[in-house]
Each structure stands twice: as structure tokens, then as C-alpha cells.
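Novice:
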Amino acid sequence: MQTAEDLVYSQVEENLYRQFGQDLFVAQHNVDKIPTLWVGRDRLVEVLQFLKPSFSMLYDLFAIDERTREYRQGQPDADFTVVYQLLSMERNEDLRIKVALSESDLNIPSIISIWPNANWYEREAWDMFGVLFAGHPNLFRILLPPTWEGHALRKDHPARATEMGEFEMGPERVAREQEALRFRPEDWGMKAASDDSEFMFLNLGPNHPSVHGVFRIALQLDGEVIMDSVPDIGYHHRGAEKMAERQTWHTYIPYTDRIDYLGGVMNNLAYVQSVEMLAGIEVPERAKVIRIMLAELFRISSHLVFYGTFVQDVGQMSPVFYMFVDREKLFGIVEAITGGRMHPAWFRIGGVAQDLPDGWNRMIREFLDYLPARLDHYDKMAMQNEMLKDRTVGIGVYTKQEALDWGITGPGLRATGSDWDVRKKRPYGGYDQFEFDVPTATNGDCYDRAALRIEEMRQSLRIIRQCVDNMPSGPYKSDHSATTPPPKEKTMEDIETLIHHFLNVSWGPVIPEGEASVMIEATKGINSYHLISDRSTNSYRTRIRTPSFPHLQQIPLISKGLMIPDLIAIIASIDFVMADVDR
Amino acid sequence: MSELMPVFLALAILLGGVAGAAILTWWERRLLGFWQDRYGPNRLGPFGIGQVLADMIKLLTKDDWVPPFADKVVFIFAPTAIVVAMMMGFAVVPFAPDMVIIDVNIGLLFFLGMTSLAVYSVLLGGLASNNKYALLGGLRSAAQMVSYEVFMGLSLMGVVMMSGSFSLVDIVAAQSDVWFCFSQVLGLLVFVIAGIAESHRLPFDLPEAEHELTAGFHTEYGGMKFAMFMLGEYLGLMLISCMIVTLFFGGWMGPALIGHWLPPLAWFGIKVFLVINFFVLLRAAIPRPRYDQLMSLGWKVMLPITLVNLVITGAVLLWMEGGA
Numbered sequence: 001m002q003t004a005e006d007l008v009y010s011q012v013e014e015n016l017y018r019q020f021g022q023d024l025f026v027a028q029h030n031v032d033k034i035p036t037l038w039v040g041r042d043r044l045v046e047v048l049q050f051l052k053p054s055f056s057m058l059y060d061l062f063a064i065d066e067r068t069r070e071y072r073q074g075q076p077d078a079d080f081t082v083v084y085q086l087l088s089m090e091r092n093e094d095l096r097i098k099v100a101l102s103e104s105d106l107n108i109p110s111i112i113s114i115w116p117n118a119n120w121y122e123r124e125a126w127d128m129f130g131v132l133f134a135g136h137p138n139l140f141r142i143l144l145p146p147t148w149e150g151h152a153l154r155k156d157h158p159a160r161a162t163e164m165g166e167f168e169m170g171p172e173r174v175a176r177e178q179e180a181l182r183f184r185p186e187d188w189g190m191k192a193a194s195d196d197s198e199f200m201f202l203n204l205g206p207n208h209p210s211v212h213g214v215f216r217i218a219l220q221l222d223g224e225v226i227m228d229s230v231p232d233i234g235y236h237h238r239g240a241e242k243m244a245e246r247q248t249w250h251t252y253i254p255y256t257d258r259i260d261y262l263g264g265v266m267n268n269l270a271y272v273q274s275v276e277m278l279a280g281i282e283v284p285e286r287a288k289v290i291r292i293m294l295a296e297l298f299r300i301s302s303h304l305v306f307y308g309t310f311v312q313d314v315g316q317m318s319p320v321f322y323m324f325v326d327r328e329k330l331f332g333i334v335e336a337i338t339g340g341r342m343h344p345a346w347f348r349i350g351g352v353a354q355d356l357p358d359g360w361n362r363m364i365r366e367f368l369d370y371l372p373a374r375l376d377h378y379d380k381m382a383m384q385n386e387m388l389k390d391r392t393v394g395i396g397v398y399t400k401q402e403a404l405d406w407g408i409t410g411p412g413l414r415a416t417g418s419d420w421d422v423r424k425k426r427p428y429g430g431y432d433q434f435e436f437d438v439p440t441a442t443n444g445d446c447y448d449r450a451a452l453r454i455e456e457m458r459q460s461l462r463i464i465r466q467c468v469d470n471m472p473s474g475p476y477k478s479d480h481s482a483t484t485p486p487p488k489e490k491t492m493e494d495i496e497t498l499i500h501h502f503l504n505v506s507w508g509p510v511i512p513e514g515e516a517s518v519m520i521e522a523t524k525g526i527n528s529y530h531l532i533s534d535r536s537t538n539s540y541r542t543r544i545r546t547p548s549f550p551h552l553q554q555i556p557l558i559s560k561g562l563m564i565p566d567l568i569a570i571i572a573s574i575d576f577v578m579a580d581v582d583r
Numbered sequence: 584m585s586e587l588m589p590v591f592l593a594l595a596i597l598l599g600g601v602a603g604a605a606i607l608t609w610w611e612r613r614l615l616g617f618w619q620d621r622y623g624p625n626r627l628g629p630f631g632i633g634q635v636l637a638d639m640i641k642l643l644t645k646d647d648w649v650p651p652f653a654d655k656v657v658f659i660f661a662p663t664a665i666v667v668a669m670m671m672g673f674a675v676v677p678f679a680p681d682m683v684i685i686d687v688n689i690g691l692l693f694f695l696g697m698t699s700l701a702v703y704s705v706l707l708g709g710l711a712s713n714n715k716y717a718l719l720g721g722l723r724s725a726a727q728m729v730s731y732e733v734f735m736g737l738s739l740m741g742v743v744m745m746s747g748s749f750s751l752v753d754i755v756a757a758q759s760d761v762w763f764c765f766s767q768v769l770g771l772l773v774f775v776i777a778g779i780a781e782s783h784r785l786p787f788d789l790p791e792a793e794h795e796l797t798a799g800f801h802t803e804y805g806g807m808k809f810a811m812f813m814l815g816e817y818l819g820l821m822l823i824s825c826m827i828v829t830l831f832f833g834g835w836m837g838p839a840l841i842g843h844w845l846p847p848l849a850w851f852g853i854k855v856f857l858v859i860n861f862f863v864l865l866r867a868a869i870p871r872p873r874y875d876q877l878m879s880l881g882w883k884v885m886l887p888i889t890l891v892n893l894v895i896t897g898a899v900l901l902w903m904e905g906g907a
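If you read the sequences in order, they're chains X and P.
Residue 1 is where the first sequence starts when you use this note's numbering, and the numbers rise one by one after that.
Residue 584 is where the second sequence starts when you use this note's numbering, and the numbers rise one by one after that.
(1) For T256/X, report the span of its alpha helix (DSSP H) as first-last.
(2) Using a Cβ cut-off of 8 Å, pull out every chain P residue sitting near I564/X, in sequence order please.
(3) Are the beta-carbon atoms belonging to P472/X and R348/X less than 8 Å from one another?
(4) Would DSSP call A679/P helix, strand or coil?
(5) Measuring only between beta-carbons, confirm whether V577/X sits less than 8 Å from chain P.
(6) Looking only at DSSP bridge pairs, what is T523/X linked to?
(7) Any chance you could list the alpha helix (DSSP H) runs of at least 4 consecutive residues sitting entirely within the segment 467-521 of chain X, in chain order?
(8) Assuming contact is defined by CB atoms lying nearer than 8 Å, are W148/X and R141/X in contact in what I supplied?
(9) Ordered along the chain, which non-local residues of its own chain (more than five positions away) have a Cβ less than 6 Å from that of D228/X?
(10) Is D32/X near M387/X, with beta carbons less than 8 Å apart?
(11) Residues of chain X with CB under 8 Å from Y804/P, in chain order?
(12) Run down chain P in chain order and give the residues with a C-beta less than 8 Å from the C-beta of G394/X.
(13) Hey, does E5/X have any beta-carbon neighbour from chain P nearer than 8 Å?
(14) I need the straight-line Cα distance from M293/X to R621/P, nearest angstrom please.
(15) Which whole-angstrom value describes the C-beta separation of L771/P and T829/P, a residue pair presumed to lie in contact below a C-beta threshold of 8 Å?
(16) Among the residues of its own chain, which have a CB less than 7 Å from the CB of E166/X, if the five just before and after it don't count?
(17) Determine the extent of the alpha helix (DSSP H) in which D654/P is found, giving its start and end residues.
(18) So that I know if they touch, is there some Cβ in chain P lying closer than 8 Å to that of M323/X?
(19) How about Q316/X: is its C-beta nearer than 8 Å to some C-beta of chain P?
(20) Using 8 Å for Cβ pairs, my map puts S712/P next to A653/P. What's the rounded Cβ distance?
(21) Establish whether the CB of D32/X and some CB of chain P are separated by less than 8 Å.
(22) Helix, strand or coil for I226/X? Go by DSSP, reduced to three states.
(23) Which residues of chain X have a Cβ atom closer than 9 Å to the Cβ of Y874/P, listed in chain order?
(24) Please work out which residues of its chain come closer than 6 Å, Cβ to Cβ, to T537/X, disregarding the five sequence neighbours upstream and downstream, and give them in chain order.
(25) For I544/X, list the residues DSSP reports as bridge partners.
(26) Name the chain P residues whose beta carbon is nearer than 8 Å to that of D313/X?
(27) Looking at Y703/P and L789/P, is the spacing between their C-beta atoms short of 8 Å?
(28) Between F774/P and M745/P, how many whole angstroms is the CB-CB distance? I'm expecting something under 8 Å.
(29) For the segment 549-559 of chain X and the segment 852-866 of chain P, state whether three or more C-beta atom pairs, one from each stretch, are separated by less than 8 Å.
(30) Considering only residues of the same chain and omitting the five flanking positions on each side of I888/P, which have a CB-CB separation below 6 Å?
(31) According to DSSP, is Q312/X part of a helix, a strand, or is it coil?
(32) Just the C-alpha distance for D753/P and G852/P, rounded to the nearest angstrom, thanks.
(33) Using a Cβ cut-off of 7 Å, which residues of the segment 610-640 of chain P contact any Cβ in chain X, in chain order?
(34) I need the boundaries of the beta strand (DSSP E) containing T162/X, first residue and last residue.
(35) Under 7 Å between beta-carbons, which chain X residues line up against A867/P? List them in chain order, please.
(36) Find the nearest neighbour of L567/X within the set G430/X, I395/X, D534/X, F502/X, judged by alpha-carbon distance.
This is the structure:
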């Protein structure tokens, strides 16, 4: 479905056409209006190099198994597709470059030399689809164990354990798995010794009090000074993207809660917005404001956990307990409204699950009056503490350019002076109706990242207060055929509504074919779900772009030459959740 | 009676020390809980004090395991060393008039010597474990405790100069007019900080540093051997508190006007208890400095302060003698 509006090329497209000729590209039109161009594999590096000056960030890189996809109108033939999504913060523009690959020749040049953060993304695409990236320095599995057979996100790979054949852990297998776990520094690209000293290798994690989950980082130490480090992820991988292909659009919502498990309904928001874009659903005002209110409550909740653990990781025991008390109050509100606490799974395609309960605003108002004083108190207790400053000021510094190169978004980016907040730059879901500031900082160190999040909590309180003061009336669910669950009122009155209700509840809605992704400013950075629908009751491909994934990748860069306690402070200041990294 | 006193007292210290340390684990957790808006162990027995017993049963019945890769003899010896050294330290503490096991004329040096021995325990435990985290913890402790030893000793020299004796009994007696906490403020400050560093408790628990080194030097320890380290740590805490009271807060003497209200032993106990609570409060309140920051605090701040304190104390003493 092309409209006249779609045919107007963006400036970038025009530049590309002028440079390389229009024949090289095949344009694809998506509902999310992000310019998408197919490029031949042999000219890919050239094109990306040309684009690099205008697109500072490689926002996402992933693959699609196209072999069983039916509705691909206007797209070049492909067994597999590699997608590069670029983001220009200066011009607030996106561009998707797609490359078609055939199953017999799954080869594509690596682009690490253009955007360094492509490293992990390419490893992931190799791990999940078996796409070979020529020139990649260490193309190993990243999420699945090294002994895994097959590539899990291919359509012919089973999704359930019951389809996988019997699992046996005999002595032979134990030996093989043990051998695969053996640590050899050379494999990780680390040197065993320098000219004058032998290095010590310390395996920090996956079980360690300060790695916030199951995150492993292998350190090459000279005394306590970190010479080199290699982060290792995948211990929390649950195959969330694979599960999305077997759940219906509706029943996948609870899984999204568990991606960034501190973000609660914030994850729902990213997901349902993409689905709504595909289906063309306009969400009613009341639902929008309810969503924003709950999302901001969860931002505060997530930042409180960050604040407490950050302070605790530099050795101050007590504040985390106070912050958990506050968070408990917050969960009380969430529980009163949604019935759930950490994982309410409460947003729905086309709205929210229920209307707000009677008296909902009293609890929230109490909390709005309560928290600011507590935050002031914590400021005196923790952030103004000289010892805490000594531990965090000037530690783990990166510049704005480095942040962009490594795909860092959210508070981690804004601590370097950028003011890029999706809520302001691309007001989604009604954020343009709210008054709030985007806090920024300039030093880009651990202290700034923490201070900035604290200010964000105050801004979130501001947004929530506006929600409470101006909650619109009206329906909490859209009157659209794909809204799930569909309205129940008239089901017993006419047969059309009954059938519609029956189908939508038992099978789930069929979402029109297409691709869409909507960015949201999640608790930890930019989060989006790239959904591909093949006109079916479930997603053909769900790509979850999480902020924490690239954030971990640049730890070696900023921890070099520092000591172990500094690394702990850095890890704490990044504020990641392993479930968000591994998915 | 007076001949039997030291034997009786030694037994009392042995039992009291162990029981005190055990109760202290419970008290510290309750107190931390109180300050951190939570309960702490409150289930077993009145106010949860039964937790002490439960913990002891648990630790005693745990598998007495020595890691196959560890240096067995040293691994077992290390936790005993700290307990023995700390227990010995109590020998010179005057709990009340005539209530001291041995009143030697080098009592203070004996105390310093015994606490220095405790370093070996941590160091050897870290080395014998043959574990990288333990090794890092051991290294940290070696550097930390050896440097803080210097200021700890020096910070007390002001007290020695004013009382003219190394005997703790004499030092207490010398405070009958004014407690040294008033005249030796700087000495007290340095001694308290060095004391925390010596007993490696948060904020100066770098050899252990849970957030960085998992459990530092005792990563490989479990069961009773782990309990011995804990016992040693709490004995150290009590010993340092006893010394602070003895050296700076008039030992068993009560405050000037109300001193006769309670027996000397009770005054001593109350003061030690308050100092212990102060240490717990510090633990609840302050973040942990980095290893090199702790070192530079020691050599760049603590050392000059102690030296200044020594010079001032000496000058004042000479001036007063000259004036008299």
C-alpha cells in the first residue's frame, strides 16, 4: 500500500541514489515509515561507509529467516536477511539497510571497522542464524553455549524441549561440556604475560555478588589493575525471541515483562506500540495517560533499585534498604491498579487490561508527596558523601562520541552531554502532552550517570502528577477489531460480535502483514520490538532491541587501567539487567 | 583469692569472649536492622536471641571441608591464629581495679604485638586457600594492616607520654583527673580509624570486600573454620573497644560526679558496649574506600596527624614541666 507521501524520498535516500545510482537499491515501505533499502552484499560495506558520517549510531543489527515467509511483496528474494538499523541523533532520523542472502552462501562482510558495536550483534546473528561475517575477529557463539548444535532462531530449529529428542548427560557429554568451559586466555584474545610480569586471570562471575545477575567478565590483572577484560554473556538467555514466534500476539505480552524485569509494564509499552502500529490501532486518550503513568512509576521503581545497588556496590550498606521500602510503597500502588507487582503484564493491544480502580489517585498523590523528601535525604546520605564521590567521580568515563560508537542510549548517553530522550525527540504514546525536562550531565563518569538517574526520578514524579491531575475520561480500550481482548458488552446480543469475540479470544487477532518497530525510552535506554507479521495470529519474527546489550559491550573500553573496585562501580553505574541483555 | 584471680579471670574471658562474640553477631544484625528499617533476626526466642544458638548449631554441624587444592596445614592453622592472638590481647586489659590477668609494664606493646599477629591469620588464610579472590584479599590485608599498624602504635604514644607508662593499669590511673579523650583528641581519632582497619570491618573491610572479592581471604572457608574467622573478627572488635575505653575513656572509672553509682566493672562494660555500637553505626553509614585511597589516607593524612599530635603533646608536657 503506497501513498503519495511514501514516494517522497528522504534526504538520505536521495544522497544515496546520487552517490550509488538508484538501481543499486530496492526500497521497501513499512508502516513505521522508516526508510528501508535493500542493498547487494558486494556493495554493502561501501554504502555503510558512506552512511557512517550521517548516521552516528548502529542502532541494531539482526537477521531474519525468510524461508517460510509468505507475504514479502516487493522485497528481493532471500532465504535470510541481515538488517542494519542506523540512527542519526543529530537529524533524528532512521535508516534500515537490508541485505538478502541465500541459504547456500550465508556470507556477509563484517562491519566492525565502521561501527565497533557491530561485534556482538554479528556474533548474535551467527549464533542464532548461522550467518557468517567475513572478517569478524572472534565469531563465536555469544548467547547459546559453545557446544550447542544448530542455530536456534532458524525456522527449522525446534522451539520446545519436547521436540528436541531425549537429553542425556552421560559422562562423555559431561566431559565435553567441562572441556568447553575451560578458560584459555588466548581464545579470548588476552595475553598471558607481558615482558616483565605474568598476568593473573580472574573470573568475575557468572556468580558474583556485584555483577547484578549472571554476568561473567574475565579479567586480565596485573596486581589489582585491570589490563584487559572480556565480558561473557548468555547465562540468562531464555529464547524470548523464539518464544514470540509460537505465542499469539496477545499471549506474548507477559513474556515482555520479563525482558527488563525491573521495568515491568515499560516493556509491554514497547511491544504493544509496535503491534498497534502494524494493526493500525489508535489508542484512546485515557489509555495513553494510564500507560504513561504506569510506565513512569516503573521508571522510578527501576531507578530506585539502581540507586540502592549502586550505593551498595561502593560499600555503603544502608541506603538500599530505604530505597526498597520506597519501592515497596510503589509496588503497593501498582498492585492496587494492576493486581501484579513486578510483572503486571497489564497493557493490552489497543489499551490496558482494566480501568483504574476507585480511589486510585489517592495512593499516587500520597506517594508523590512522600518521595521527593526521601530523595533529598538520600542525596545527603549517599550522593554528597565524600567517600562515594572519591569512588565514582572520574571513574568509567566515556565521551559522547564513544557512546554513539558503542550504541549507548538512555542515561548512559545523556551523562555525556547529549539530551537525546525518545520521549522528547519522538513523543510516542502521548508524551508530547507533558511538561518535563531531560536531565543531562557532562562528565560521563559513574557519578554523573547516577546523579542523572536521580534527577530523572524527580522528572518522572512531575509527569505522574500531571497524569493524576489531568486524567482524561473515556474508554480504556480501543474500539478496533484487533483489540485484545475484544469488548465483551455486546457478545450476547449479536452474532457478529460473538464470533469476533470467540475468534479473538481463542486464536487471537490476525495482524496485517508488515514490519514495524517503535522506539521507547525505557528505564535503561532505548528499547524497541521489531515485529514482522506474516498475516497470522503470531509474529513471524520478533527482534527485541534492548539497551543493556550494547552497554555491556563497552565495559572493557572504560575499565582498562582501573582497579577491581572501579570495575564494580562501573558495572553498578551502567544499570543493566541480564535478562535485558540475553533475552 | 588474689592468686586465683588471674586463672579465674582467664577462664571468664575465654568463655565470655566466645559467648560475647556470639551474642554480638546477633546484636549487630538487630542493630543494623533497626537502622536500616528492617527487623533482622527476630524469630527464635525472645527478640530473636535464639538465632545465636541456631547459628552455632549450623556452623558446628557443617562438613569440615578442606579444599583439595589448598595448603592443608596452613589452611587449618590460619583461623586459629586470629582467635588465639585476640584472646591473648585481653590478658592485659584492666576490667576493673585489680581485675587484670597480668599487669606487665609493657602491656600496651603486648596488645600491639598481639593484634599484629592477627594479620598473619588473614594473610595465611588468603595464601593457603589457593584461590584468586582469597589471594587478592590476603594481599590487600597485608598492605592495609601493616601500614595501619604504624599509625596505631604511634597514635598511642601521646597517651604513653602523658601517663609515663606502658602499663595499662597505670594508664587508667593517670586518667583519674581528665580522660585522655579530651587531651588526646587526635590520638583517639587515629586510633579509632586504625582500629577499624586492623579489625577489617566495613568501611575498611577491604580484605573481605564482599562486593569486589566475593568474600576475600575467607572465600574458601566454611563451617567452624569460617566461624573461627568470625569469632576472631568479633573478638577483635571487642578488644579494640576495650582498648579505646582503657586508653581514652578512663577505663573502669565512671564519669566524675556519678562514678560511684555503679561498680567499676559495670562502667567498663557500659563504655565498651557504647563503643561497639559506634562501630556498628559506622558500618551502617559509610561507603568503602578503594584500596589505594585507603593507603593514601593512611600515609598522607593519618601519619602527619599522629606526628603532629606527638610533637604537640611533647611540647605541652615539656612546657608544663618547665613551668612547674
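Even glycine gets a Cβ: it sits at the ideal position worked out from N, Cα and C.
Specialist: Inspection of the coordinates gives the following:
(1) 253-257
(2) L719, E795, L796
(3) no
(4) strand
(5) no
(6) Partner(s): none; T523/X has no beta bridge.
(7) 495-506
(8) yes
(9) M190, Q220
(10) no
(11) Result: empty, since nearest Cβ-Cβ is about 16 Å, beyond 8 Å.
(12) Near G394/X there are no residues of chain P at all, since even the closest Cβ is about 12 Å away, more than 8 Å.
(13) Residue confidence is low: E5/X scores 46 on pLDDT, short of 50, so the model does not pin down where it sits. No coordinate-derived value is stated.
(14) 29 Å
(15) No, L771/P and T829/P are not in contact; Cβ-Cβ is about 12 Å, not under 8 Å.
(16) none
(17) Where D654/P is concerned, there is no enclosing alpha helix (DSSP H), given that its DSSP letter is neither H nor E.
(18) no
(19) yes
(20) 5 Å
(21) no
(22) strand
(23) E224, M563, I564, P565
(24) T248, W507, G508, V510
(25) Y529/X
(26) H794
(27) no
(28) Their Cβ separation, rounded to whole angstroms, is 14 Å, which puts F774/P and M745/P out of contact at 8 Å.
(29) no
(30) L769, V773
(31) helix
(32) 19 Å
(33) W618, Q619, D620, R621
(34) Unbroken run through T162/X: none, as it is neither H nor E.
(35) M317, S318
(36) I395/X
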